[in-house]
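Worksheet: the structure to be examined is printed underneath.
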Amino acid sequence: MKILFKAGRIVNCDQEKVCDLLIEDKKIVAIADEIDADDALVIDARGLLVMPGFVDMHCHLRDPGYEYKETIRTGTMAAARGGFTTIACMPNTNPVVDNKVVLEYIKSKAVREGVVNVLPIGAITKGLNGEELSEMGELKENGVVALSDDGKSVMNAGLMKRALSYARMLDMLVISHCEDVNITGEGVMNSGYMATLLGLKGMPAEAEEVMISRDAILALHTGARLHIAHVSTKISTDIIRWTKKMGVNITAEVTPHHLSLTEEEVDGYNTDTKVNPPLRTREDIMALIDGLKDGTIDCIATDHAPHGIQDKNVEYARAAFGISGFETAFSVINTYLVEKKHIDYKDVVRLMSTNPAKILGIDRGYIKEGAVADIVLVDPEAAYVVDKNKFYSKGKNTPYDGKVLKGVIKMTLVGGKVVYNSEEGILC
Ligand SMILES: NC(=O)N[C@@H](CC(=O)O)C(=O)O
Ligand SMILES: [Zn+2]
Ligand SMILES: [Zn+2]
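For what it's worth, this note's numbering labels the leading residue of the sequence shown as 40, then goes sequentially.
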């Protein structure tokens, strides 16, 4: 099967050009000004962006254990609609991914039912209990791309140090959810004026910042590769900038919601704005954007965290933390960052494809001859109104419902196969 994209704007992290692109079987075989291939399916890509498929290094697929929130099937369908071709899923399932049996279940189900590539992340501690290390070596041998207790912090610094030492020996990436729970306590939104006004308990910025500091120092002394999940504050960004300068092997991600929405969204008590870490302030957003621009923050990750209606349709203080993020990620970035001229499309590719692929150590994220044809075709000008009821994800928990966003995914290809297009939907 051959697919020929005609006159699309091909965007990589370091260059872009309007030209043709030919795919044969699983690979990109030619990129040139004018390609003819009689037997190919021809796609008119004029006015559209042809980008390397997005790579999401942080999502929750909820399978096994919480299939009412999401399954590998529905989660990967949502990912494909979002333009993602590879996603790394967190181990906070039930049972937790702390052994090879659960890992095998996810891997085989992803091969059978997955629409996009799924890379599982294993737990740092058994059962995410923060007490005993998981069988890290066994997890690595069986194919995890990283280790994380996401959803929770490893509160015991001694244990985290040991985890990082082993990770260093095994050459594994550790992804840290940074939250000192003794500081966040019962908090449900950002600490400050809004929390006081709304009568809700706050989650102070320093809960995140002290843990990033701790983990950066532990990474410095152990030499481990550390990745900070969902960075959300100005000071966090500064700490990462400084520690990178010191030579710490540290990378970081930020989510679309932390780049676009502030704590003001919580006014009205819409539980779909409840997320961990919480939505912060305008000042934090501006600092996070600066961090993306100067390379302090390496990538954008969705932290797609789908929940059921029963988890969210309760009073604010009792609702689950999390935002369903796959299906709005690109258009949020396009609307809030590209349209506002903070970044350009080369940056989008760097942040959503090239860098996350690099951090995960996978050969993806760059369009070139010979590369696997994981590609997303985007109409950057099309605007639409977000309708959560049209999500493929079972998680309808989006704070963007009813908002107008610009940028539509027209087509997603995984390994040279069209798995989604905006007219017909999911095709496999
Ligand atoms: N981000 C969230 O608010 N929730 C995540 C956990 C996490 O990413 O820490 C979840 O699993 O629901
Ligand atoms: Zn987290
Ligand atoms: Zn998460």
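Even for Gly, the Cβ is constructed at its ideal location relative to N, Cα and C. Predicted model, so just to flag it, every value in this text is computed and none were measured.
At a Cβ-Cβ threshold of 9 Å, residue 274 and residue 245 count as neighbours. Our two residues, residue 219 and residue 231, have alpha carbons roughly 18 Å apart in a direct line.
With respect to residue 440, residue 277 sits apart: the two C-beta atoms are not nearer than 9 Å.
According to DSSP, residue 445 shares a beta bridge with 422.
The beta carbons of residue 83 and residue 45 sit about 6 Å from each other, so the pair counts as a contact at 8 Å.
Secondary structure of residue 55 (DSSP, three-state): strand.
About 12 Å separates the beta carbon of residue 461 from that of residue 366, a gap too long to meet the 8 Å contact definition.
Minimum Cα-Cα distance from residue 267 among the listed residues 381, 284, 285, 247 corresponds to 247. For the pair residue 387 and residue 446, the Cα-to-Cα distance works out to about 12 Å. Annotation for residue 176: the continuous alpha helix (DSSP H) segment containing it runs 175 to 180. Approximately 24 Å separates the beta-carbon atoms of residue 272 and residue 200; this is outside 8 Å, ruling out the contact.
Distance from residue 127 to residue 155 at the Cβ level is roughly 11 Å; contact not present, criterion being Cβ atoms closer than 8 Å. Taking a C-beta distance under 9 Å as the contact criterion, residue 343 and residue 97 qualify as a contact pair. Distance from the Cα of residue 380 is smallest, within the candidate group 105, 332, 264, 259, for 332. Taking residue 79 as reference, the option from 330, 133, 59, 256 with the minimal CA-CA separation is 59. A direct Cα-Cα distance of roughly 46 Å separates residue 221 from residue 88. Set against 8 Å, the gap from the CB of residue 365 to the closest heavy atom of ligand 1 is not smaller. By the criterion of a C-beta distance shorter than 8 Å, residue 41 is surrounded in its chain by 61, 62, 63, 76, 78, 79, 80, once the five residues flanking it on both sides are discounted. With a minimum length of 3 residues, the unbroken runs of beta strand (DSSP E) contained wholly in the stretch 213 to 278 fall at 264 to 267. For residue 287, the CB contacts under 6 Å within the same chain, skipping 5 residues up- and downstream, are 255, 258, 259 in chain order. In the DSSP assignment, residue 117 falls within the unbroken alpha helix (DSSP H) covering 111 to 120. For residue 69, the beta-bridge partners assigned by DSSP are 61. At least one heavy atom of ligand 2 lies closer than 8 Å to the C-beta of residue 216.
Residue 431 sits in coil when the DSSP states are folded into three classes, being neither helix nor strand. Here residue 343 carries a strand assignment [DSSP, helix/strand/coil]. The C-alpha of residue 215 lies about 46 Å from the C-alpha of residue 74.
Residue 44 has its Cβ no nearer than 8 Å to any heavy atom of ligand 1. When 136, 249, 228 are compared, the shortest CA-CA separation from residue 297 is found for 228.
Here residue 210 carries a coil assignment [DSSP, helix/strand/coil]. Within the same chain, 159, 182 come within 7 Å of residue 146 by CB-CB distance, once the 5 residues on both sides are set aside. Beta bridge pairing from DSSP links residue 189 with no other residue. Taken through DSSP and simplified to helix, strand or coil, residue 439 comes out as coil. Between the alpha carbons of residue 192 and residue 108 lies a gap of roughly 23 Å. Contact between residue 340 and residue 294 holds: their C-beta atoms lie close to 6 Å from each other, under 8 Å.
Beyond the five residues adjoining it in sequence on each side, residue 395 comes within less than 6 Å, by CB distance, of 94, 96, 338 in the same chain, given in chain order. Bounds of any alpha helix (DSSP H) do not take in residue 361, whose DSSP letter is neither H nor E.
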